[in-house]
Amino acid sequence: MPGLKQSLSRWNHNRKRKGQTARTTKRVINQSAQPNAVPWDEVKEFLAQFEPMQTGHELVRIGPDFDGGYLVPDDIEGLTAVFSPGVSDTLGFDREMADRVDHVYLADASVDRPSGMMPNMSFEKKFLGTEDSGDIMTMDAWVGGNSGQGDDLLLQMDIEGAEYDVLNATSDEVLGRFRVILIEYHDLDRVFDRAQFEKMSKAIARLGETHVLCHLHTNNTALNFKLKGRDMSRYVEATYLRRDRVTGPLTPAQIPHTLDQRNVEEFDDVPTPAFWRWTS
1 MPGLKQSLSR WNHNRKRKGQ TARTTKRVIN QSAQPNAVPW DEVKEFLAQF
51 EPMQTGHELV RIGPDFDGGY LVPDDIEGLT AVFSPGVSDT LGFDREMADR
101 VDHVYLADAS VDRPSGMMPN MSFEKKFLGT EDSGDIMTMD AWVGGNSGQG
151 DDLLLQMDIE GAEYDVLNAT SDEVLGRFRV ILIEYHDLDR VFDRAQFEKM
201 SKAIARLGET HVLCHLHTNN TALNFKLKGR DMSRYVEATY LRRDRVTGPL
251 TPAQIPHTLD QRNVEEFDDV PTPAFWRWTS
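Heads up, the sequence shown is in the UniProt record's numbering, so the first residue is 1 and it goes up one at a time.
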């Protein structure tokens, strides 16, 4: 009875996730009521930065179906290297990019050297962080030691919430080398927490100065929670293109995209709400 087992398993997963989502919504409401909570006007200004825009380049999907595949602007000709911190169970994206660039650099201290690496792929058993010490390295050290100033690069980063500190610690010069940036943002349910908000808002505003957000996709690992009565994503995958590569007017992009796929195959899909648009 494999069909019945799968249906029961999906039902049970959804039941647990709905309970988790209810708890998340309650926690967010409680945080917003604290005396030191970030004011709603600041939160709205922060969320407005998540509106994806068209850049004049069509999006293509690179990598496997479901988790590990990403939508990328069709502007990867001439890229020299990919930097991919946070190694997933599959190297599908990295292997496909290895056929298109000179070298792919992987880094993750939580796993050993993955199998299936191609000759032009290398692995560093380190985490990205804000200093160079032990099993931690900065983006500047990693990129600076493996690329030249004239190189055009792609960054694919999924580092479980450390992305904000890493982005804030990376120099403008190194960030500017990345023509394309693919990043998963975590902890968006903590927008009313002042310390977390400061890290998130600084990182995303800074990235928006040099790059244009051109796609956004909700990771269905978690269901959307409620923010001021509307759906809000907890984790999102974001695609950026450097501003000098934009070839058309910046107009709102279509979300969802026809090439989007849910991350976790056995979970129901979670829509990406337009949480960047608020009227009150």
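Each residue gets a CB set at the ideal place from its N, CA and C atoms; glycine is no exception.
Just verifying my parser: in three-state terms, what is the DSSP assignment at residue i?
i: Phe50; result: helix
i: Glu163; result: helix
i: Glu45; result: helix
i: Ser250; result: Going by the sequence as given, residue 250 is Leu instead of Ser. Looking at Leu250 - three-state DSSP - the assignment turns out to be coil, as it is neither helix nor strand.
i: Leu259; result: coil
i: Trp244; result: What sits at residue 244 in the sequence shown is Asp, not Trp. Reduced to three states, the DSSP call for Asp244 is helix.
i: Thr239; result: strand
i: residue 281; result: Outside the shown range of the chain (1 to 280) lies residue 281, about which nothing can therefore be said.
i: Val28; result: helix
i: Gln149; result: coil
i: Ser156; result: Just to set this straight, residue 156 is Gln in the shown sequence, not Ser. In this structure, Gln156 counts as strand in the three-state DSSP scheme.
i: Arg277; result: coil
i: Arg17; result: helix
i: Arg61; result: strand
i: Arg23; result: helix
Just mark residue i as buried or exposed, buried being the case when its beta carbon has 16 or more other beta carbons within 10 Å.
i: Gln149; result: exposed
i: Pro85; result: buried
i: Leu182; result: buried
i: Arg237; result: According to the sequence displayed, residue 237 carries Glu and not Arg. Buried, since its Cβ has 16 or more Cβ neighbours within 10 Å.
i: Val60; result: exposed
i: Pro52; result: buried
i: residue 302; result: As displayed, the chain neither begins before 1 nor continues past 280, which places residue 302 out of reach and without an answer.
i: Asp132; result: exposed
i: Ser147; result: buried
i: Val111; result: exposed
i: residue 309; result: Shown here, the chain extends from 1 to 280; a query on residue 309 therefore has no answer.
i: Leu4; result: exposed
i: residue 347; result: The requested residue 347 is not part of the displayed model; the chain covers only 1 to 280.
i: Ala33; result: exposed
i: Arg179; result: buried
Assuming residue i and residue j are in contact, meaning their beta carbons sit under 8 angstroms apart, how far apart are those beta carbons, in whole angstroms?
i: Gln54; j: Gly248; result: 6 angstroms
i: Met232; j: Asn224; result: 6 angstroms
i: Ala98; j: Gly129; result: Their Cβ separation, rounded to whole angstroms, is 26 angstroms, which puts Ala98 and Gly129 out of contact at 8 angstroms.
i: Lys202; j: Asn168; result: 6 angstroms
i: Val87; j: Thr239; result: 20 angstroms between Cβ atoms; not a contact.
i: Thr272; j: Leu216; result: 6 angstroms
i: Met117; j: Leu79; result: In fact, because the Cβ distance is near 19 angstroms, the residues do not count as touching under 8 angstroms.
i: Ala37; j: Phe192; result: 4 angstroms
Ranges of the beta strand (DSSP E) found wholly within the stretch 168-226, counting only runs of at least 3: Segments of the beta strand (DSSP E) lying fully in the stretch 168-226: 178-185 and 211-218.
Length at least 3, wholly inside the stretch 75-142: the beta strand (DSSP E) runs in chain order: 81-85, 103-107 and 121-124
How do the stretch 127-143 and the stretch 172-186 stand: do at least 3 beta-carbon pairs fall below 8 angstroms, yes or no? yes
Inter-stretch contact (C-beta, 8 angstroms, three-pair minimum) for the stretch 152-161 and the stretch 42-50: no
Any chance the stretch 206-217 sits against the stretch 12-23, with 3 or more Cβ pairs inside 8 angstroms? no
Segment contact, 8 angstroms Cβ cut-off, at least three pairs: the stretch 120-135 with the stretch 102-109: yes
Measuring CB atoms only, is the stretch 255-271 touching the stretch 58-73, in the sense that at least three cross pairs come out at less than 8 angstroms? yes
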